[in-house]
Structures are given as structure tokens and as C-alpha cells.
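J.:
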Amino acid sequence: MLTFTLFGCGQSTSETGADGKSKKKVTIGVFISNAGDPYFQNKSYGYIEAKNILESRYPDYEINVELYDAGGYEYSEKQISQIEDAIERKIDAIVITATNREALKPVIDRAMEAGIPVVNDDVLVKTKTTIEISENSYHVGQAVADFIARRLNGKGNIVMLKGPAGADLFMERARGAHDEFARYPGIKIIAEQWHPQNMVEARRVMEDFIQAHGKNINGVFAGGAVAAMAAADALKAAGFKPGEVVIASVDIHEENLKYLREGWITGLVPCQPIKLARLAVTYAFKAAIGEEVPKKIYTTDEFAVDKEGLEHFDLSDCMAPADWKPPLR
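Add 4 to a position in the sequence shown, counting from 1, and you land on the number used in the working numbering.
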């Protein structure tokens with residue numbers, strides 16, 4: 005059974021619409037963790053797409069979506085400062101993908117106390133918000149691990165590129181993977197490490213794994229798509245062939261699709277960031293104008309897509325147009 009929350013709004017008026025009446029203006033602040041990650045580049049498209057869809061459905065409103073980037077999962081203080089400024093400006097709604105769900109709790113509490121609806125988007129802050137919209141990161145990690153284990157027929161040595169330490173989304177994915185691998189007696193995790201979510205650091209970690217374990221590596225769990233590509237690059241440089249090591253990860257975008265089609269990445273769990281972002285802004289707007297919204301929504305398909313299955317999968321909720329650039333503030 006869904007429960008709903010109602011919020012009033014204090015929108016201002018702006019330009020005159022076609023009917024001669026002043027449009028009501030709604031400002032939604034969207035705060036993301038790492039705009040350099042392809043996941044958030046695709047997701048930002050969904051935020052703006054939602055604005056355009058909503059303005060066509062609600063012609064009496066002008067909707068302003070402001071995108072803010074923390075610059076990385078380690079920059080909680082910057083994200084807190086961005087949200088504090090938004091609270092001071094009395095914006096109408098907040099969409100937050102937290103850099104750290106513990107660190108962001110006090111500022112999100114202040115936003116809620118100020119009467120600003122908060123959409124908890126994907127990385128869930130540990131406090132009361134208007135609505136939570138997310139993948140189930142634990143189940144996503146399980147799906148990636150299950151794909152790897154099945155491809156290896158339940159037997160092999162795994163290395164794990166887990167992503168940023170302290171970033172809850174990656175921690176939950178890794179926890180799910182650990183639990184799933186444990187179901188297979190023949191699967192052994194021989195190395196694992198946290199690392200910043202960028203190609204340089206992830207590749208460095210994978211190179212260390214290759215140096216230590218070489219051809220004993222049978223599978224790679226990558227907590228994010230960037231790490232999967234970095235692992236593939238490191239294996240290629242070390243003389244491995246496409247498909248020799250099973251690599252599976254999360255998210256689909258133009259760059260890692262190339263790796264998938266060439267056989268370097270074996271499987272990807274599509275997180276549909278565009279769909280998630282559309283829902284986040286849509287419900288932020290609805291809450292801001294006083295409409296009812298559900299308290300909890302899960303969005304991710306918890307299965308992996310391989311090269312053969314790709315032709316049957318709809319990518320429109322996963323990938324922004326190739327020339328898309330996020331309009332960051």
C-alpha cells in the first residue's frame with residue numbers, strides 16, 4: 005500500500021502565458037555527486053527532460069531546474085554548502101543524490117524543517133524525506149555477481165573494483181556482490197579494493213591485481229561502469245584477449261557499450277538513470293505544488309545484459325544523446 009505526503013508551495017509568478025495569465029514559477033534544485041561520471045551525465049538529461057515534459061502538461065507553470073555538481077563522492081562539504089544556499093534562497097523543491105548519506109543528514113533535516121520537499125534520489129540520506137526513489141543497490145550488486153558466477157559455471161577467482169570508499173551506493177553494491185558470491189562454493193574473491201571512481205585510479209588498481217595474480221584472475225566485479233572500462237584497458241595492455249576474463253558491472257552508456265560489443269565487458273546491469281531522473285524531478289514538482297506523491301519507488305531492472313541480449317533491450321532510459329552536455333550551475 006502506498007502512502008503519500010502533501011506539501012504546499014510558495015511559488016512566485018513569472019512571465020505571462022498564452023491565456024494572458026501569469027505563470028507560476030517553480031524552482032527545483034538538483035544536487036548530484038559526480039558529474040564526471042557517465043551515469044550522472046546521462047541522468048542529467050532525464051532531469052531536464054522531465055522539466056520539458058512537465059511544462060507541456062502543466063502550461064500554467066514555468067519550471068526551473070538547477071543542476072549542481074559536488075565534483076566527486078568525497079566532497080560532502082561542497083554539496084552541503086550548495087544545499088544550504090538553496091535553503092536560504094527558499095527554492096521550491098530539492099532532489100538530492102548524496103555524496104554521503106550520513107554527512108548530508110543535518111542539511112536535509114533543515115530543508116524539510118523549512119518546508120522544502122526533498123526527493124531522496126538513489127543514494128538515500130538516512131533521514132526523513134518526502135519521497136525515496138532509487139535502485140536497490142544491494143540487489144544490483146547481487147545481479148552483477150550472479151552473472152559473473154554463472155558465466156564461470158560457479159568456479160573461478162574474482163577481483164573486485166568496488167568504487168569510492170564511503171559512498172553508500174557502491175558499498176551496498178559490494179555488499180550484495182559479496183553475499184551472492186558466497187552462494188557459490190567454487191568462487192573465490194582473491195583481491196578487492198576501494199578506489200576513486202575515475203579511469204586512472206581504477207586502472208591502477210586493476211594493474212596491481214594483474215601484477216599480483218596474472219592469469220589466475222577469472223572474473224572482475226566492477227562497482228561502476230568507469231571501473232569496468234579501466235579493468236578492460238588494463239587487461240588488454242597486459243596481453244589478455246577479449247572475453248578471457250569475465251567483466252561485469254552497472255550502467256549502460258555509449259563508451260562502455262563499445263567495450264561490451266567488442267567483448268571486453270561481458271555483462272552490464274542497466275540502471276536506467278534517465279528514467280530515474282525523470283521520476284525524481286516529476287515528483288519534486290508534484291510535491292512542490294501540493295500534489296500527492298508516493299513515499300518509496302524502486303526503478304532498476306536487476307538483471308545483466310550481455311552482447312547478444314543488447315539488441316532486444318530498449319536503451320532510451322539509459323543513454324542521453326551523444327552530444328548532450330549537462331547544464332551545470
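Every residue gets a Cβ at the ideal spot worked out from N, C-alpha and C, and that includes glycine. These numbers were taken from a predicted model, which means no experiment stands behind them.
Would you say Ala232 and Ile269 are within 9 Å of each other, going by their C-beta atoms?
T.: yes
J.: Once the 5 residues before and after Pro331 are set aside, which same chain residues still bring their CB inside 8 Å of it?
T.: The residues are Ser48, Ile52 and Leu71.
J.: Enumerate in chain order the residues of its own chain whose CB-to-CB distance from Asp255 is below 6 Å, with the five nearest sequence positions on each side excluded.
T.: Here the set comprises Tyr43, Ala229 and Cys275.
J.: Taking the continuous beta strand (DSSP E) assigned at Asn161, which residues delimit it?
T.: Lys159 to Gly167
J.: Might you give, ordered along the chain, the residues of its own chain that have their beta carbon closer than 8 Å to the beta carbon of Glu248, omitting 5 neighbours on each side?
T.: Leu239
J.: So what does Ser37 bridge to, in DSSP terms?
T.: For Ser37, DSSP assigns no beta-bridge partner whatsoever.
J.: CA-CA distance, Arg155 and Glu184?
T.: 14 Å
J.: My guess is that Val4 and Ala102 are in contact by the Cβ rule of under 8 Å, so how many angstroms apart are they, rounded?
T.: The chain is shown only over 5 to 333; residue 4 falls outside these bounds and no answer can be derived.
J.: Could you tell me which whole beta strand (DSSP E) segments of length 3 or greater appear in the region 40–119?
T.: 65–73 and 97–100
J.: Which of the three DSSP states, helix, strand or coil, is assigned to Tyr188?
T.: coil
J.: How is Asp336 classed by DSSP in three states: helix, strand or coil?
T.: Nothing can be reported for residue 336: it is not among the residues displayed for the chain, which extend from 5 to 333.
J.: Rounded to a whole number of angstroms, what is the C-alpha to C-alpha distance between Leu342 and Asp310?
T.: Residue 342 is absent from the model: the chain starts at 5 and stops at 333.
J.: If you run the structure through DSSP and keep just helix, strand and coil, what is Gly170?
T.: Looking at Gly170 - three-state DSSP - the assignment turns out to be coil, as it is neither helix nor strand.
J.: Answer with buried or exposed for Gly158, where buried requires no fewer than 16 other C-beta atoms within 10 angstroms of its C-beta.
T.: Counting C-beta atoms within 10 angstroms of its own C-beta, Gly158 has fewer than 16 neighbours from the protein chains shown and is therefore classed as exposed.
J.: Distance, Cα to Cα, Ala281 vs Ala291?
T.: 15 Å
J.: In the structure shown, what three-state DSSP assignment does Val249 receive?
T.: coil
J.: For my contact list, Val122 and Val34 are in at a C-beta cut-off of 8 Å; report their separation, rounded to the angstrom.
T.: Rounded, the Cβ-Cβ distance is 12 Å, inconsistent with contact.
J.: Nearest to Asp237 by CA position, among Asn220, Glu266 and His257, is which residue?
T.: Glu266
J.: Could you tell me if Asn222 is buried or exposed, where buried requires 16 or more neighbouring beta carbons within 10 angstroms of its beta carbon?
T.: buried
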